[in-house]
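Structure (structure tokens):
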């Protein structure tokens, strides 16, 4: 089972646009103030890395392993035991490590309700989120059609279980 990511949300587009605008401003400003060149190059490098690690699709194999496909590779997780929609937004979540909105939201986060969890989302809208649980990890993804993803995932779990 494979699905593309949901269309990038306006919030993530605005954050991405702002960072790229800022990098351009630093590079133009570097013509007058040399140290701004370092800041501009740094922002462009960070932007390139975030772009390469943006999720493009998600898939669950026949043995129930979740794979997140990036523009530049993939990350595999253990066997899926449960998939469900989040009942509400994640308020007061803390990003422990990762990207909070440049091309996507990716990385390790913490929340009082869910504990530590990984996020691979191209949307800032919690209605697009699906929580995928493996034996040892929780992963939030944003598939193109969350309802179909959840029903297909439940069917795969039922068939293999």
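Residue numbers (our numbering): 1429 to 1589. Even for Gly, the Cβ is constructed at its ideal location relative to N, Cα and C.
Residue i and residue j closer than 8 Å at C-beta
i: residue 1465; j: residue 1450; result: no
i: residue 1517; j: residue 1554; result: yes
i: residue 1564; j: residue 1506; result: yes
i: residue 1534; j: residue 1483; result: yes
i: residue 1561; j: residue 1503; result: no
i: residue 1492; j: residue 1584; result: yes
i: residue 1550; j: residue 1443; result: no
i: residue 1508; j: residue 1494; result: yes
Nonlocal neighbours in the same chain, by C-beta distance under 6 Å from residue i, ignoring five residues either side
i: residue 1467; result: 1454
i: residue 1538; result: 1522, 1524 and 1544
Proximity test, Cβ basis, 8 Å: residue i and chain C
i: residue 1511; result: The structure shown contains no chain C; it is built from a single protein chain.
Buried or exposed (CB count within 10 angstroms, at least 16 for buried), residue i
i: residue 1522; result: exposed
i: residue 1470; result: exposed
i: residue 1460; result: exposed
i: residue 1556; result: buried
C-alpha distance - residue i paired with residue j, whole-angstrom precision
i: residue 1489; j: residue 1446; result: 37 Å
i: residue 1514; j: residue 1496; result: 19 Å
i: residue 1486; j: residue 1457; result: 40 Å
i: residue 1498; j: residue 1588; result: 27 Å
i: residue 1472; j: residue 1448; result: 7 Å
i: residue 1429; j: residue 1512; result: 16 Å
i: residue 1452; j: residue 1438; result: 21 Å
i: residue 1540; j: residue 1519; result: 9 Å
i: residue 1577; j: residue 1586; result: 14 Å
i: residue 1526; j: residue 1536; result: 6 Å
Own chain partners of residue i with C-beta closer than 8 Å, once the 5 adjacent residues on each side are dropped
i: residue 1566; result: 1542, 1543, 1544, 1545, 1546, 1559 and 1560
Taking three-plus beta-carbon pairs below 8 Å as touching, is the region 1566-1575 in contact with the region 1430-1437?
The region 1566-1575, when compared against the region 1430-1437, does touch it at the 8 Å Cβ threshold.
The region 1521-1530 / the region 1471-1488 touching (three or more Cβ pairs under 8 Å):
yes
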